[in-house]
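Residue 167 is where the sequence shown starts when you use our numbering, and the numbers rise one by one after that.
C-beta atoms are modelled at their ideal positions from N, C-alpha and C, and glycine is treated no differently.
Every value quoted in this text rests on a predicted model; they were computed, and no experiment measured them.
Accompanying notes for the structure given below.
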Amino acid sequence: MKYQSILKWLIPPIVILAFFAAAMGLFYQTPGEPFAYTNHRGETVSINGYGLYSYDTVSSAAQERGNDIVTLLVGLPLLVISAWLAFRGSLRGQLLLTGTFGFFLYTYLSMSMLTSFNPLFLVYVALFAFSLYAFVLSMMSFDLATLSQHFSQDLPRRWIAGLLFVIAAFLSMAWLGKIAQPLVQNQTADLQNTTTMVIQAMDLGLVVPLAVIAGILLLRRSAWGYLLASVFVLKAITLGLAVSAMAINMSVAGVPESLGIMIPFLGITAVNLVIAVVLLRNVRTQPIPSLRPAHG
């Protein structure tokens, strides 16, 4: 695997800092209790009032703790295992590692931009930076000239691409619906005490285009299509689990819309898990000569 020596320097700080950040989010406690707050937009929200996320809303704090749970129980073990496999020359491990970097990149980009300032702000920024460069280097480590030849011709490219389009359409409709209504009615959106819609911007600007481009290129048998589809699917599993855990925590905290969030994202997680199994089962260590080379 190319850039292995650099990745060996980037992965340990990601593991250490992510473990520390997630553990602090779950177990660091301070005195206090939730309280009502009316912000400059006239929006009244319930502020968490205790723990690391004391200045976040009750809803946001529940989501952040749910994400911490998935980071500890899924993200970090997956990072260690996939790195071990990738460094031993496994293409499946390399794909899994890249997708896992995508999860950490998305997670700590959102934590850096969205979580109310707390003592771990620089930890979130460091994790964002380490994950970004690890993700870029991991993407650059693939040999695009032969990558498509490692995938079996039996790979159901059409229905995988179709599911990617469905996920992109679901996210687009969900977020555009949430954004359009207050714009049309000249009202303030439900921002939960944030200044703007950070997650919606990230999903509409990064996740949705990635799903669409990956699907189109996969249909064309492009090496980039195989790579981007694999990365998207493997990253979407961890992201879906994180959102589902967030929704469960929100339900425990009494946030009313939690079930409406949890059910579709559990479905997305299940679909991506099936796609991931199919993709990885159709990866071969040695190139398959009968498969025509990729174009771009």
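- Can you name the start and end residues of the beta strand (DSSP E) that Tyr-203 belongs to? By 1-based counting over the sequence shown, the position of residue 203 is 37. Its beta strand (DSSP E) spans residues 201-204.
- Message: Quick check on the DSSP output: the alpha helix (DSSP H) that includes Val-224 runs from which residue to which?
- Response: For the purposes of this step, residue 224 is taken as the residue at position 58 of the sequence shown. Looking at the DSSP string, the run of the alpha helix (DSSP H) that includes Val-224 is 224-236.
- Query: Per the contact definition of three or more C-beta pairs closer than 8 Å, is the segment 337-350 in contact with the segment 362-375?
  - Reply: Touching, per the Cβ criterion.
- Query: Based on Cα-Cα distance, which residue from Gly-241, Asp-369 and Trp-325 lies nearest to Leu-400?
  - Reply: Residue mapping note: residue 400 aligns to position 234 of the sequence shown, counting from 1. Ranking Gly-241, Asp-369 and Trp-325 by Cα distance to Leu-400 puts Gly-241 first.
- Task: Just grab the DSSP bridge partners of Ile-213 for me.
- Result: Residue numbering aside, residue 213 sits at position 47 when the sequence shown is read from its first letter. Partner residues in the beta bridge of Ile-213, as assigned by DSSP, are Phe-201 and Thr-223.
- Item | Neighbour-count burial assignment, Val-409, 16 or more Cβ in a 10 Å radius | Looking up residue 409 in the sequence shown gives position 243. Under this definition Val-409 is a buried residue.
- Item | Where the alpha helix (DSSP H) containing Leu-218 begins and where it ends | Position 52 of the sequence shown holds residue 218. Taken as a continuous stretch (DSSP letters only), Leu-218 belongs to no alpha helix (DSSP H), as it is neither H nor E.
- Query: Who are the near neighbours of Leu-251 in its chain, counting only those whose CB is closer than 6 Å to its CB and skipping five residues on each side?
  - Reply: Your numbering for residue 251 matches position 85 in the sequence shown. Contacts found: Gly-259.
- Touching by the beta-carbon criterion (3+ pairs, under 8 Å), the segment 168-183 and the segment 297-308: Inter-segment contact for the segment 168-183 and the segment 297-308 is present: three or more beta-carbon pairs are separated by less than 8 Å.
- Query: Is the distance from the Cβ of His-316 to the Cβ of Arg-447 below 8 Å?
  - Reply: Within the sequence shown, numbered from 1, the residue matching residue 316 stands at position 150. Within the sequence shown, numbered from 1, the residue matching residue 447 stands at position 281. No. Outside cutoff.
- Task: Excluding the 5 residues preceding and the 5 following Ile-177 in the sequence, name in chain order all residues of the same chain whose CB lies nearer than 6 Å to its CB.
- Result: Taking the sequence shown and counting its residues from 1, the one referred to as residue 177 is at position 11. These residues qualify, in order along the chain: Ala-249.
- Task: Pull up the CB-CB distance for Tyr-272 and Leu-405, whole angstroms please, since I reckon it's below 8 Å.
- Result: To locate residue 272, count along the sequence shown from 1; it is residue 106. To locate residue 405, count along the sequence shown from 1; it is residue 239. With a Cβ gap of about 6 Å, Tyr-272 and Leu-405 count as contacting.
- Which residue from Thr-266, Ala-292, Phe-331 and Ser-278 puts its Cα closest to that of Phe-301? The count along the sequence shown starts at 1 and reaches residue 301 at position 135. The option with the nearest alpha carbon to Phe-301 is Thr-266.
- Should the segment 228-245 be called in touch with the segment 183-197, which here means at least 3 C-beta pairs below 8 Å? As far as the Cβ criterion goes, the segment 228-245 touches the segment 183-197, which means the pair count is three or higher.
- Top-ranked residue by Cα proximity to Phe-269, from Leu-298, Ala-335 and Ile-429: Numbered from its first residue, the sequence shown carries residue 269 at position 103. With distances taken between Cα atoms, Phe-269 lies closest to Leu-298.
- Message: Output needed for Ser-396: all residues of its chain with C-beta closer than 6 Å, excluding positions within five of it in sequence on either side, in chain order.
- Response: As a working mapping, residue 396 is identified with position 230 in the sequence shown. Leu-261 and Leu-445.
- Query: Under three-state DSSP, which class holds Phe-308?
  - Reply: Position 142 of the sequence shown holds residue 308. It is coil, neither helix nor strand.
- Message: Just list the residues that DSSP pairs Phe-317 with in beta bridges.
- Response: The sequence position of residue 317 within the sequence shown is 151, counting from 1. Bridge partners of Phe-317: Val-449.
- So, helix, strand or coil for Thr-266, using DSSP? Numbered from its first residue, the sequence shown carries residue 266 at position 100. DSSP places Thr-266 in helix when its eight states are reduced to three.
- Note the first and the last residue of the continuous alpha helix (DSSP H) segment covering Val-364. Counting from 1 along the sequence shown, the entry for residue 364 is found at position 198. That run of the alpha helix (DSSP H) goes 364-368.
- Backbone secondary structure at Lys-168 - three-state DSSP: The residue labelled residue 168 in the question sits at position 2 within the sequence shown. Here Lys-168 sits in coil by DSSP.
- Query: Asp-303 to Ala-402, Cα distance in whole Å?
  - Reply: Here residue 303 refers to the residue found at position 137 when the sequence shown is read from its first residue. Here residue 402 refers to the residue found at position 236 when the sequence shown is read from its first residue. With the sequence shown as reference, residue 303 is identified as Leu, and Asp is not the correct amino acid for it. Their backbone Cα atoms lie some 20 Å apart in a straight line.
- Message: Taking only three categories from DSSP, how would you classify Gln-260?
- Response: For the purposes of this step, residue 260 is identified with residue 94 of the sequence shown, where counting begins at 1. DSSP places Gln-260 in helix when its eight states are reduced to three.
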